[in-house]
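Numbering (mature numbering (1 follows the signal peptide of the UniProt record, and there is no 0)), first residue to last: -21 to -1, 1 to 156. Here a beta-carbon is modelled for each residue, glycine too, at the ideal position from N, C-alpha and C.
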């Protein structure tokens, strides 16, 4: 009974919350979207989707598929470049088994993220930041003016999602340096 009520409510809330993009930024529409990342220098968006095998189960070798949607170029979807994967938007897995999937973004390994499942079919990303436990729907990175390429510096990252009561929350991570 709990799952029959909780899953449709969670899906509806996640859909509504993911429709809360930054001002002027498009909202990505992708199958099995876990979360997405946008930044203040353009509209291109980085998509993190559940990666399922042909049987419909999560692919344990690569549970999350990452791509970029080029809204600045007709919304074309492309894979990450090698540099993006290695230095910015790629994933480092700490643990990758059915009971615990812990990872971080390569650009900020201190912030742990967790791939969770409700029913082995519905997945979401969870983290705790500034004492707030949340299901993450998107991140917005504010890059420091005057920096670019491999020397890009970040002023802060907004984590946007749902708290434990299902209310939309936003909290800021200010990286060191």
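Pick from the options that is closest to residue i, judged by C-alpha positions
i, options, result
"residue 35", "118, 10, 5, 133", "10"
"residue 14", "64, 95, 79, 118", "118"
"residue 93", "99, 79, 86", "79"
"residue 88", "97, 99, 73", "73"
"residue 153", "146, 135, 147", "135"
"residue 157", "20, 37, 24, 12", "Residue numbering for the chain in the displayed model covers -21 to 156; residue 157 lies beyond these limits and cannot be assessed."
"residue 52", "30, 63, 21, 77", "21"
"residue 63", "3, 84, 125", "84"
"residue 60", "148, 128, 132, 147", "128"
"residue 41", "6, 82, 123, 3", "82"
"residue 54", "130, 4, 149, 107", "4"
"residue 32", "43, 24, 125, 8", "43"
Same chain only: Cβ atoms within 6 Å of residue i, ignoring 5 sequence neighbours per side
i, result
"residue -16", "Note on residue -16: pLDDT 45, under 50, position unreliable in the model; the coordinate value appears next. There are no such residues."
"residue 95", "103, 105"
"residue 56", "46, 48"
"residue 12", "28"
Residues near residue i in its chain [Cβ-Cβ closer than 8 Å; skip 5 each side]
i, result
"residue 144", "none"
"residue 151", "109, 135, 136, 137, 138"
"residue 18", "119, 120, 121, 122"
"residue 155", "none"
Beta strand (DSSP E) segment containing residue i, residue limits
i, result
"residue 150", "147 to 152"
"residue 140", "133 to 141"
"residue 12", "12 to 18"
"residue 113", "111 to 122"
"residue 24", "24 to 29"
Residues near residue i in its chain [Cβ-Cβ closer than 7 Å; skip 5 each side]
i, result
"residue 39", "75"
Distance cut-off 7 Å: residue i Cβ against heavy atoms of the ligand NAD
i, result
"residue 51", "With respect to small molecules bound, the structure shown includes none, and the ligand NAD cannot be examined in it."
Fully enclosed by the region 47 to 108, which beta strand (DSSP E) runs are 3 residues long or longer? 55 to 58, 70 to 76, 79 to 84, 87 to 96, 102 to 108
Do the region 34 to 48 and the region 58 to 69 meet, that is, are 3 or more Cβ pairs less than 8 Å apart? yes
Is there contact here, the region 106 to 116 with the region 131 to 149, by at least three beta-carbon pairs under 8 Å? yes
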